[in-house]
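**Q** Using our numbering, you'd call the opening residue of the sequence shown number 7 and step up by one each time. Let me begin by handing over the structure; questions about it come next.
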Amino acid sequence: MIDRRQPLKATPLNHPLEPYAPFIKRLMQFLSECSLPIESPRQILKAIRCALDVAFVAILRQESGRWEVIEQSQSHDESSGLNSEWKEAIFAQVSDRVSFQSLERNSHRAHGIFQSYEEDGIAKFSALVPLSRQSNTLLVIGGAPPESIVLSDVCGRILISLNVATCGFSTLQLAGVEAVILDDLRRTYGFAPASLYHRRFELFCDRLSHMHIHFEPVLRLDPDYPYIDSWEALARDPIIDCAPIDLFEAAELWGDRFMVHLDASLMRQAVESYRYACQFHSGRRQEDVRELSVNVYPPSLMQGEYFESIRHAVQDRLIQPEKLILEISEKLPLPESSNRFSPIEVFRKQLGRYVRDLKVGFSIDDFGAGHASVSRLTRLNPSHVKIDRELLYQDQESTEITLRFVLDLASSTRLRAPKVVVEGFDDGCPITLGQLYRVGIRYVQGHIIGKASPDLNRLGRDHTTYLRQLIQESGTLL
7 MIDRRQPLKA TPLNHPLEPY APFIKRLMQF LSECSLPIES PRQILKAIRC ALDVAFVAIL
67 RQESGRWEVI EQSQSHDESS GLNSEWKEAI FAQVSDRVSF QSLERNSHRA HGIFQSYEED
127 GIAKFSALVP LSRQSNTLLV IGGAPPESIV LSDVCGRILI SLNVATCGFS TLQLAGVEAV
187 ILDDLRRTYG FAPASLYHRR FELFCDRLSH MHIHFEPVLR LDPDYPYIDS WEALARDPII
247 DCAPIDLFEA AELWGDRFMV HLDASLMRQA VESYRYACQF HSGRRQEDVR ELSVNVYPPS
307 LMQGEYFESI RHAVQDRLIQ PEKLILEISE KLPLPESSNR FSPIEVFRKQ LGRYVRDLKV
367 GFSIDDFGAG HASVSRLTRL NPSHVKIDRE LLYQDQESTE ITLRFVLDLA SSTRLRAPKV
427 VVEGFDDGCP ITLGQLYRVG IRYVQGHIIG KASPDLNRLG RDHTTYLRQL IQESGTLL
């Protein structure tokens with residue numbers, strides 16, 4: 007009988023992906039026992055076999071219409087019931103009856119199929135998981151009991167993403183492999199249980215902690231004396247010296263908590279690195295410090311955690327607030343509003359808090375791509391506008407019309423015109439610096455000025471002369 011005086015004790019409903027969390031954990035544990043770098047897929051197959059507790063696992067490749075076993079791992083435990091005859095019978099059945107086309111027809115968009123057979127009066131199952139149509143490889147798993155998770159679609163998807171993550175079974179970074187598996191589950195099924203969500207956040211935070219900050223210069227176009235006007239802080243993976251695209255994709259996939267943590271962490275690291283670079287590399291006085299732009303997702307700006315991270319950075323005197331420019335990415339929509347006001351009005355009001363209380367500036371990034379709109383530009387009144395490089399790759403007449411339109415529009419609602427920056431300019435652009443200057447563009451960012459670096463590199467005399475010549479070159483847009 008229910009006692010209404012007692013507080014309600016409730017247990018969340020079971021999540022359909024929860025049973026796979028222990029399997030992923032076991033899989034990572036067995037993979038961690040592999041020697042690195044992995045030179046043979048046999049070690050991966052052994053980890054799969056042990057994690058699933060099955061009799062054997064094999065990879066088959068189809069060539070000229072025939073399947074060939076290219077690697078396998080089998081149990082040597084007599085209790086596994088492994089019988090070489092039925093193993094060969096499974097391989098023969100695959101060779102005679104299975105093709106990628108038949109798998110697709112029979113699986114009905116599932117990630118594999120399974121078949122039953124009997125060994126010494128005991129029901130056993132084998133599963134076939136197509137790994138890659140490009141390489142025509144198939145994963146065969148044999149000796150699974152009826153209750154095994156190997157007979158489920160989710161398990162098939164995990165094994166497919168494992169194959170992708172290990173890049174053909176080469177050098178293995180376990181955290182990266184696990185992250186790929188969890189991201190793929192989220193992307194495929196649209197949700198994840200709390201245990202996998204928290205585990206993914208742990209992996210995300212660990213990878214984020216290893217990132218470095220580089221600075222890319224923004225050039226002021228001046229035919230007499232071009233100079234570096236400001237800097238943009240960019241996250242870099244120190245191992246590959248490239249942007250950590252996987253972190254950005256994970257943040258966008260998993261939602262606000264990931265985005266806020268990413269933005270707040272990189273912002274803090276950016277201003278700390280910038281302060282150090284200004285003091286110890288450039289010898290600049292505080293009043294000579296240029297503006298610094300840092301990227302931020304629109305949802306992060308709506309969260310108190312990010313607002314406080316900016317406040318702390320300013321209070322800790324890491325940067326003068328008027329020198330900090332928050333670049334709002336145009337690649338994501340504005341957060342939905344929970345009241346009667348439009349999302350852009352709610353967002354504009356929130357930006358007003360940053361400007362009023364913290365004295366920082368804003369930039370619209372990637373204008374011309376994603377969710378960029380005239381409404382955003384005119385109603386948010388940013389102090390900076392960055393034009394996406396794709397706008398430079400239209401025909402010349404369209405490029406001129408678009409650039410002039412943005413310049414006029416950005417200035418139409420302000421007493422002081424914002425800085426309009428063309429991003430991604432390099433030697434391959436179809437128009438020149440001189441043409442941009444004559445249209446009215448005064449700020450450019452890209453490799454032609456200088457690549458991102460951990461140091462605040464000055465423009466050398468020869469480079470300055472070269473840029474001056476490019477700006478002065480004759481040439482007109484159509």
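From the three backbone atoms N, C-alpha and C, an ideal C-beta is built for every residue, glycine too. As the structure is a computational prediction, the values presented were derived from the model and not from experiment.
Would you mind stating whether Phe62 and Ser79 have Cβ atoms separated by less than 9 Å?
**A** Position 56 of the sequence shown holds residue 62. Position 73 of the sequence shown holds residue 79. Closer than 9 Å, so yes.
**Q** Suppose only complete runs of 3+ residues qualify. What are the beta strand (DSSP E) ranges in the region 417-460, listed by chain order?
**A** Entirely contained in the region 417-460, the beta strand (DSSP E) runs reaching 3 residues are, in chain order, 425-428 and 449-451.
**Q** So, helix, strand or coil for His469, using DSSP?
**A** Working through the sequence shown from its first residue, we reach residue 469 at position 463. DSSP places His469 in helix when its eight states are reduced to three.
**Q** Counting only runs that start and end within the region 113-190, where is the alpha helix (DSSP H) found for 4 or more residues in a row?
**A** Listed in chain order, the complete alpha helix (DSSP H) runs (minimum 4 residues) inside the region 113-190 are 159-171.
**Q** Among the residues of its own chain, which have a CB less than 8 Å from the CB of Glu84, if the five just before and after it don't count?
**A** Against the sequence shown, residue 84 aligns to sequence position 78. Model confidence at Glu84 stands at a pLDDT of 49, short of 50, so the residue's coordinates are unreliable and nothing is read from them.
**Q** Mind checking whether Val391 and Leu383 have CB atoms under 9 Å apart?
**A** The count along the sequence shown starts at 1 and reaches residue 391 at position 385. The count along the sequence shown starts at 1 and reaches residue 383 at position 377. Contact: yes.
**Q** Return the chain-ordered list of same chain residues with a C-beta closer than 7 Å to the C-beta of Met34, the five sequence neighbours on each side being excluded.
**A** To locate residue 34, count along the sequence shown from 1; it is residue 28. Closer than 7 Å at the Cβ level, and outside the excluded window around Met34, lie Leu180 and Glu184.
**Q** Tell me which residue opens and which closes the alpha helix (DSSP H) that Glu311 is part of.
**A** Working through the sequence shown from its first residue, we reach residue 311 at position 305. From DSSP, the alpha helix (DSSP H) with Glu311 extends over Gly310 to Gln321.
**Q** In this structure, does DSSP put Phe197 in helix, strand or coil?
**A** Here residue 197 refers to the residue found at position 191 when the sequence shown is read from its first residue. Note: Phe197 maps to coil in three-state DSSP.
**Q** According to DSSP, which residues form a beta bridge with Lys365?
**A** One-based indexing of the sequence shown puts residue 365 at position 359. Looking at the DSSP assignment, Lys365 forms no beta bridge with any residue, so it has no partner.
**Q** Checking the sheet assignment: what are the DSSP bridge partners for Asn387?
**A** Here residue 387 corresponds to residue number 381 of the sequence shown, with the count starting at 1. None, per the DSSP bridge assignment.
**Q** Name, in chain order, the residues that DSSP records as bridge partners for Lys93.
**A** Along the sequence shown, one-based indexing puts residue 93 at 87. In DSSP, Lys93 forms no bridge with anything.
**Q** Buried or exposed, going by whether 16 or more other CB atoms sit within 10 Å of the CB of Ser70?
**A** Within the sequence shown, numbered from 1, the residue matching residue 70 stands at position 64. Result: exposed.
**Q** Can you tell me the Cβ-Cβ gap for Glu429 and Ile393, rounded? I've got them flagged as a contact below 8 Å.
**A** Taking the sequence shown and counting its residues from 1, the one referred to as residue 429 is at position 423. Taking the sequence shown and counting its residues from 1, the one referred to as residue 393 is at position 387. Correct: roughly 6 Å between the Cβ atoms.
**Q** Taking the CB atoms as reference points, tell me whether Phe131 and Val156 lie closer together than 9 Å.
**A** Within the sequence shown, numbered from 1, the residue matching residue 131 stands at position 125. Within the sequence shown, numbered from 1, the residue matching residue 156 stands at position 150. In contact: Phe131 and Val156 (Cβ atoms closer than 9 Å).
**Q** State the start and end residues of the unbroken beta strand (DSSP E) segment that holds Arg464.
**A** Against the sequence shown, residue 464 aligns to sequence position 458. Premise fails: Arg464 is in no beta strand (DSSP E) and is neither H nor E.
**Q** Give me the Cβ distance between Gly456 and Pro223, rounded to the nearest whole Å; I'm assuming they're in contact under 8 Å.
**A** The residue labelled residue 456 in the question sits at position 450 within the sequence shown. The residue labelled residue 223 in the question sits at position 217 within the sequence shown. The Cβ separation is near 5 Å, so the contact holds.
**Q** Starting from Asp252, trace the alpha helix (DSSP H) both ways and give me its first and last residue.
**A** Locating residue 252 in the sequence shown gives position 246, where the first residue counts as 1. Asp252 -> alpha helix (DSSP H) spans Ile251 to Trp260.
**Q** In three-state DSSP terms, what is Val302?
**A** Here residue 302 corresponds to residue number 296 of the sequence shown, with the count starting at 1. It is a strand residue.
**Q** Please list the terminal residues of the continuous alpha helix (DSSP H) segment that includes Ala53.
**A** In the sequence shown, residue 53 corresponds to position 47, counting from 1. Element bounds for Ala53: Pro47 to Leu58.
**Q** Enumerate in chain order the residues of its own chain whose CB-to-CB distance from Lys52 is below 6 Å, with the five nearest sequence positions on each side excluded.
**A** Position 46 of the sequence shown, counting from 1, holds the residue named residue 52. The residues are Ser79.
**Q** In three-state DSSP terms, what is Ala98?
**A** Locating residue 98 in the sequence shown gives position 92, counting from the first residue. Residue state, collapsed to three classes: helix.
**Q** I need the boundaries of the beta strand (DSSP E) containing Val63, first residue and last residue.
**A** Numbered from 1 along the sequence shown, position 57 holds the residue referred to as residue 63. Looking at the DSSP string, the run of the beta strand (DSSP E) that includes Val63 is Phe62 to Glu69.
**Q** Relative to the alpha-carbon of Arg163, which residue among Ser201, His117 and Pro152 has its alpha-carbon at the smallest distance?
**A** Residue 163 sits at position 157 when you count from the first residue of the sequence shown. Per the Cα distances, His117.
**Q** Is the CB-CB distance between Ala129 and Ser122 below 9 Å?
**A** For the purposes of this step, residue 129 is taken as residue 123 along the sequence shown, with counting starting at 1. For the purposes of this step, residue 122 is taken as residue 116 along the sequence shown, with counting starting at 1. Against a cut-off of 9 Å, the Cβ pair of Ser122 and Ala129 comes out as a contact.
**Q** To the nearest angstrom, how far is the alpha carbon of Thr470 from that of Arg410?
**A** Position 464 of the sequence shown, counted from the first residue, corresponds to residue 470. Position 404 of the sequence shown, counted from the first residue, corresponds to residue 410. Each residue's alpha carbon lies about 27 Å from the other.
**Q** In this structure, does DSSP put Gln326 in helix, strand or coil?
**A** Within the sequence shown, numbered from 1, the residue matching residue 326 stands at position 320. Coil, per DSSP.
**Q** Assuming Pro304 and Leu340 make a contact with CB atoms under 8 Å, what is their CB distance in whole Å?
**A** Residue 304 sits at position 298 when you count from the first residue of the sequence shown. Residue 340 sits at position 334 when you count from the first residue of the sequence shown. Contact flag correct, Cβ pair sits at about 5 Å.
**Q** In the DSSP assignment, find the alpha helix (DSSP H) that holds Ile219 and state where it starts and stops.
**A** Looking up residue 219 in the sequence shown gives position 213. Per DSSP, Ile219 belongs to no alpha helix (DSSP H); it is in the beta strand (DSSP E), His218 to Arg226.
**Q** Is it the case that the Cβ atoms of Asp5 and Ile166 are separated by a distance below 9 Å?
**A** Residue 5 is absent from the model: the chain starts at 7 and stops at 484.
**Q** By DSSP, does Lys355 sit in helix, in strand, or in coil?
**A** The residue you call residue 355 lines up with position 349 of the sequence shown. Lys355 falls in the helix class under three-state DSSP.
**Q** Of the residues Ile147, Ile316 and Glu77, which one's Cα is nearest the Cα of Val135?
**A** On the sequence shown, residue 135 is found 129 positions in, with the first residue counted as 1. Here the closest residue by C-alpha is Ile147.
**Q** For Phe29, which residues from the same chain have a beta carbon less than 8 Å from its beta carbon, with the 5 sequence-adjacent residues on both sides left out?
**A** Sequence index remark: in the sequence shown, residue 29 carries index 23 (1-based). Ala57, Leu58, Ile155, Cys161 and Ile164, listed in sequence order.
**Q** Do Val426 and Leu413 have their C-beta atoms within less than 9 Å of each other?
**A** Counting from 1 along the sequence shown, the entry for residue 426 is found at position 420. Counting from 1 along the sequence shown, the entry for residue 413 is found at position 407. Cβ atoms of Val426 and Leu413: closer than 9 Å.
**Q** Touching or not, the region 319-328 and the region 348-358, by the rule of three or more beta carbon pairs under 8 Å?
**A** Result no; under three Cβ-Cβ pairs closer than 8 Å.
**Q** Just to confirm, is the Cβ distance from Lys329 to Leu307 under 9 Å?
**A** Position 323 of the sequence shown holds residue 329. Position 301 of the sequence shown holds residue 307. Cβ distance not < 9 Å, so Lys329 and Leu307 don't count as in contact.
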